[in-house]
Structure formats: C-alpha cells, structure tokens
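Asker: My questions all concern the structure below.
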Amino acid sequence: MIKMSNGEILSLLEKIVKVEDEAKEVLEEARRKAEEIIAEGEGEAKKAYEKSYRETMSLLEREVEEVLEKARREAEEEAGKIISEAEEYAKKIDERVHVKGREIAKTLVKELLRGMGVLK
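Position one of the sequence shown corresponds to residue 1 (my numbering), numbered consecutively onward.
The structure is reproduced here in structure tokens:
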C-alpha cells in the first residue's frame, strides 16, 4: 500500500480535476469541430446534389428536345410523303376525269352527228 499525505492526496485530486476539465474542453472543442465538419459536409452534399440535379435536368431537357426534333423531322417527312401520294392520286384522278370526259364528249359528238344524219 502506498502511503500519501493529505497534501499529496489533495494535489493529486486537483491534478485529476484539472485533467478532467481539460478533457471536457478537448471533448467540447472536438464536438464543435465535428458539428462544423458535419454542417460543411451537409452544405457540400446539398451543393453537389443541386449541381447533379441541374446537370441531370439539363441532360433530360436536351434529350427531350432531340426526341421532339426527331419526331418533327419524321412527321414532316411522313407529311411530305402523304402530300406527294395525294398529289399523284389527284393527277391520276384528273387524268381519269379527262379521259372519261373525252370519251363522253366523243360519244356525245357521235350521237349528235348520228342525230343530224351525218353518221349512221
């Protein structure tokens, strides 16, 4: 067993209290720094998220614009084909009408000439 005087015990207790106080200060400072680091990390994480979100939205907007532009081009091409087909069909109808009209006109002229006694 170690024998200590009251003064030595008191001195030892004072040192223990001083070390405890210093330890509390160190722990408090560590806690404050940890909170600062966490706050900075949260801020950086938020900035990184916002940047990533903006970049993602920008990419999506470009993709949507590309898809819309492609759809417009395809629609215009399809419309052009339909218009060309409609014009061709209209020409064929017009030709048929003219041919039929000429046939009708010839028939009418023949009938007229027969009626006049020119043709038998």
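Idealized CB from N, CA, C, for every residue including glycine.
#1: Between the alpha carbons of A30 and K15, how many angstroms are there, rounded?
#2: Do K106 and R114 have their C-beta atoms within less than 9 Å of each other?
#3: What are the start and end residues of the alpha helix (DSSP H) that includes I93?
#4: Between G80 and the rest of its own chain, which residues show a CB-CB distance below 6 Å, the 5 nearest in sequence each way excluded?
Answerer: Once the coordinates are examined:
#1: 22 Å
#2: no
#3: 6–115
#4: none
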